[in-house]
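First the structure, in the form of structure tokens, and then the observations on it.
In my numbering, the protein residues as written are 8 to 1074.
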């Protein structure tokens, strides 16, 4: 007898199911089931995935959800009878997040109001289970209340009500069956069989229970934990369900009848854009053309000022006009002018409102229209960039601009988009976190009540390779294999229990998050396409992930936050403040000359710490070899410095050919104009496309298809393309042997080729940061330090770069000179930011800076305590300020006998004086509040502070002072504990410093030294963090060696190590 499961939770219910969509549908198809209903808890996350999988298996997908109702947290199962019903459920689920309240037992599950349910009833079928408000009432002390509720539902849902009965061996089911039969007869409501499915097979019950305990923070052995599920809740076959309800077969038949009523059709694969507001009297085509033409004219006026044009101007202008017309025709033909105008609009807003925007990212920089509309800032003709790499008329797909914004301004741009197109039409995009290898081992061990030590041991034995699976980890790590396969190991049984369960749960959806950059703009409401979820901060997020939102037609716009834009913006603000004082015009970073010799000198000397894209140790090594002299070199290095080209020796080839150590040979004269800027090396994907066009007559659209085929390396497709290429070349008079050789060359390097549009945009950004660092090092590095002030390791590295390479001084933080951020007060000096001090919050800094601006610099500790808000600048904050040196400036007047480099000697005295200073300030405030003055107070406005206490015990030694700095700053600022050992260390290490160690290769080694900052034991290995004042370095050694020396290793002690050096970035 046919049967349909009408209530299934998948892994996307997050808390109570381990069912994955594809295995679910495969199992149902194997049993010949005609339909399936997915009813995840309070969400529609898996709708598209489920719908596609069912159609592929010739199964009818029934879309639904189980919701928690606000009436005593009862549950209802909703099924979509038709497309109107699907829209109704989408609204109901969305309103639960946007207008409902969260379940106190599970913050991710919303509670839906009955009002929202009843006002969105169109096309919705309801299943009443024993957990419904109706079911609870019928089984309670007042069954008549249940009948009243049924009448309410019938008024809204008419004949779309069903009772759903179960036989899963759980309490209350038999009683509900009896009540359902009676109520069904009384009200004319059919009854369907239901199995409340949570896992696929009966033997999966233990894994399901583990998943539930992981979600609810219980352990399996806890006798008091909830036991809400039974081993019967698996995907039973039609035969099993028929047998289970053999005494009331009508409930089986009714599942089929209900399934036949449900007919939802999703429209997939058709993109829809919001309408861009067009001025009256214009069409979207005329407006798009006029804006593009006007923008191009403005660009060319800046590139080629009218007063500098000569008789050749028409020849210069012609390729721009031809390219613009070519692009406009393609964009209009493909129906995407609205997309370009929307991006143009929010980028214009960003630039007009002080939000820095990157010059370009990805293939979009290859579009002249984008350049004309100010979407990008690179002239694609100048850099030889191709439009078809971005938008291929022979492969219709949505254009995709990735836009970089300053991190601090990105949210403002999204807010503008929401206000422009309507908040209900804009959302961000959901992501799904899964139970990854390391985490699932720890989770399983916890719920199984296994020891933390064993869980930690297994987890740490799993390699850190991103995306690694448990299966791969077992193949890669011998110690892990031994632990699980050797019965002599004392943890053998427990380890295998953890491992077997972890394998069952690995990859299951664990939580939801928010896409880092994706923003959706719908033509009307997002809920017309996808249900809405709200994160903890109330941001609207689609319930479909990035693949599924595109499937239902929504268009994704990528708003990325780029830290380097924040750095550039902050640096330029400081630079222009200085230039204004010097009565110089403001610096415009986009107008920087790209041929400045000093900027290239900085690159040649590899002083590129904090220079965008060029800061890694490996990149520095290649820059020193390359000696770049033009922007094309920088762009090429941005493309070449990746694992593939590095492994293939392409970087060395590029460098050797630039310097004449390797001859540049072109297999055909047509290749020279395409490859001369890259010394005959195929660096970019665009070069593959150009070669195909010039040598074999491909259109640029066809060339892009060839590029994609080469990237995928499918033998059959490559053989087909080879024939097309050689035939096309032969038609142009090129020897087939030569053309075949050129094809081989392209095929060899195409897999390594990079998108030149992206490289050019980021290369220009890299050059800009290099220029700023050379000419304005203090302002630039102050911005860099501010952007990374919470990463102590990087701050140490940056400060050393300031001192060693640019002769910059970095002053202590100061209550009289510092701001929240790092500030360049002179061309050669940076003041430490107050925001980088541990224990000093934003409120405290605001109070300090405000008091200083109102009444001038602080004169002493008493004056400081009296003037700041002591509730914000509390005792802990005051101690951190003293320890970090923020009051050292007071020594100028309080201890004029001290030299500048001795000012830190007052810190001990200030710490001793602190209690009385706070007490005096508190007393003065109390007196002021009472309207009186304490004539006997230790301090009032008319007197000065008492002198600093003295005594040898109040002068901190170097060790005490430096420890205080490390405690508050995370680093040593006025010296380093290793300083006293440098002469001895030099004897052993030949002055090797941590900031200048280079790769020794796999067989080489070197002696180096450092202060131990941290020791971390990862089971099979140990990682020791060293610091020598120039940089921090992680040293790894295997457990066997570590165990022999661990008693000699202590934090804050100096150690000399012999070992090999590996660059993490592959350099």
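From the three backbone atoms N, C-alpha and C, an ideal C-beta is built for every residue, glycine too.
Buried or exposed (CB count within 10 angstroms, at least 16 for buried), residue i
{"i": "residue 388", "result": "exposed"}
{"i": "residue 99", "result": "buried"}
{"i": "residue 482", "result": "exposed"}
{"i": "residue 342", "result": "exposed"}
{"i": "residue 96", "result": "buried"}
{"i": "residue 39", "result": "exposed"}
{"i": "residue 340", "result": "exposed"}
{"i": "residue 948", "result": "The predicted model places residue 948 with a pLDDT of 49, which falls under 50 and marks its position as unreliable, so this point remains unresolved."}
{"i": "residue 283", "result": "buried"}
{"i": "residue 52", "result": "buried"}
{"i": "residue 297", "result": "exposed"}
{"i": "residue 854", "result": "buried"}
Own chain, CB closer than 8 Å to residue i, minus 5 neighbours either side, in chain order
{"i": "residue 969", "result": "979, 981, 982, 983, 984"}
{"i": "residue 862", "result": "874"}
{"i": "residue 412", "result": "357, 362, 363, 364, 365, 420, 566, 567, 568, 569, 572"}
{"i": "residue 925", "result": "872, 877, 882, 885"}
{"i": "residue 286", "result": "294"}
C-alpha gap between residue i and residue j, whole angstroms
{"i": "residue 942", "j": "residue 934", "result": "Only weak support exists for where residue 942 lies, its pLDDT of 45 falling under 50; the coordinates are left without a value."}
{"i": "residue 715", "j": "residue 724", "result": "10 Å"}
{"i": "residue 645", "j": "residue 401", "result": "29 Å"}
{"i": "residue 704", "j": "residue 749", "result": "14 Å"}
{"i": "residue 104", "j": "residue 232", "result": "28 Å"}
{"i": "residue 1003", "j": "residue 658", "result": "22 Å"}
{"i": "residue 1067", "j": "residue 813", "result": "29 Å"}
{"i": "residue 621", "j": "residue 810", "result": "20 Å"}
{"i": "residue 890", "j": "residue 847", "result": "12 Å"}
{"i": "residue 849", "j": "residue 877", "result": "14 Å"}
{"i": "residue 711", "j": "residue 396", "result": "6 Å"}
{"i": "residue 831", "j": "residue 301", "result": "41 Å"}
{"i": "residue 130", "j": "residue 409", "result": "39 Å"}
{"i": "residue 299", "j": "residue 338", "result": "12 Å"}
{"i": "residue 635", "j": "residue 669", "result": "17 Å"}
{"i": "residue 132", "j": "residue 769", "result": "54 Å"}
{"i": "residue 20", "j": "residue 367", "result": "39 Å"}
{"i": "residue 1065", "j": "residue 987", "result": "21 Å"}
{"i": "residue 414", "j": "residue 78", "result": "43 Å"}
{"i": "residue 763", "j": "residue 652", "result": "14 Å"}
{"i": "residue 1059", "j": "residue 1018", "result": "6 Å"}
{"i": "residue 1079", "j": "residue 734", "result": "Any property of residue 1079 remains undetermined from this structure, which presents the chain solely from 8 to 1074."}
{"i": "residue 347", "j": "residue 377", "result": "7 Å"}
Extent of the continuous beta strand (DSSP E) to which residue i belongs
{"i": "residue 539", "result": "539-541"}
{"i": "residue 717", "result": "Not the beta strand (DSSP E): residue 717 falls in the alpha helix (DSSP H), residues 707-719."}
{"i": "residue 516", "result": "516-528"}
{"i": "residue 560", "result": "No beta strand (DSSP E) holds residue 560; DSSP gives it neither H nor E."}
{"i": "residue 20", "result": "From DSSP, residue 20 is part of no beta strand (DSSP E); its letter is neither H nor E."}
Own chain residues within Cβ distance below 7 Å of residue i, not counting five before or after
{"i": "residue 142", "result": "135, 136, 183"}
{"i": "residue 864", "result": "823"}
{"i": "residue 852", "result": "827, 841, 842"}
{"i": "residue 618", "result": "773, 776, 777, 780"}
{"i": "residue 791", "result": "574, 617, 805"}
Beta-carbon contacts of residue i that lie in its chain and below 6 Å, excluding the five residues immediately before and after
{"i": "residue 699", "result": "705, 710, 713"}
{"i": "residue 108", "result": "118"}
{"i": "residue 27", "result": "18"}
{"i": "residue 22", "result": "222"}
Residue interval of the alpha helix (DSSP H) (run including residue i)
{"i": "residue 208", "result": "No alpha helix (DSSP H) contains residue 208, which DSSP labels as neither H nor E."}
{"i": "residue 309", "result": "291-310"}
Start-end ranges of the alpha helix (DSSP H) lying completely within the stretch 860-900, minimum 4 residues: Here the runs fully enclosed are 868-874, 882-890.
Ignoring anything shorter than 4 residues, give me the alpha helix (DSSP H) runs that lie fully in the stretch 349-399, in order along the chain. Under the rule that a run must span 4 or more residues, the alpha helix (DSSP H) segments found entirely inside the stretch 349-399 read 375-379.
Any beta strand (DSSP E) of 3 or more consecutive residues that is wholly inside the stretch 779-837: Assignment of beta strand (DSSP E) within the stretch 779-837, counting only whole runs of 3 or more residues, yields 816-818, 830-833 in chain order.
Identify every run of the alpha helix (DSSP H) within the stretch 651-691, keeping only runs that are complete inside it and at least 4 residues long; order them along the chain. List check, alpha helix (DSSP H) in window: 657-665, 679-682.
Minimum length 3: unbroken beta strand (DSSP E) runs contained in the stretch 447-484: The DSSP assignment places no complete beta strand (DSSP E) segment of no fewer than 3 residues inside the stretch 447-484.
Where are the alpha helix (DSSP H) runs, 4 residues long or more, that stay fully inside the stretch 588-658, in chain order? With a minimum length of 4 residues, the continuous alpha helix (DSSP H) runs that stay inside the stretch 588-658 are 604-611, 624-633, 638-647, 650-654.
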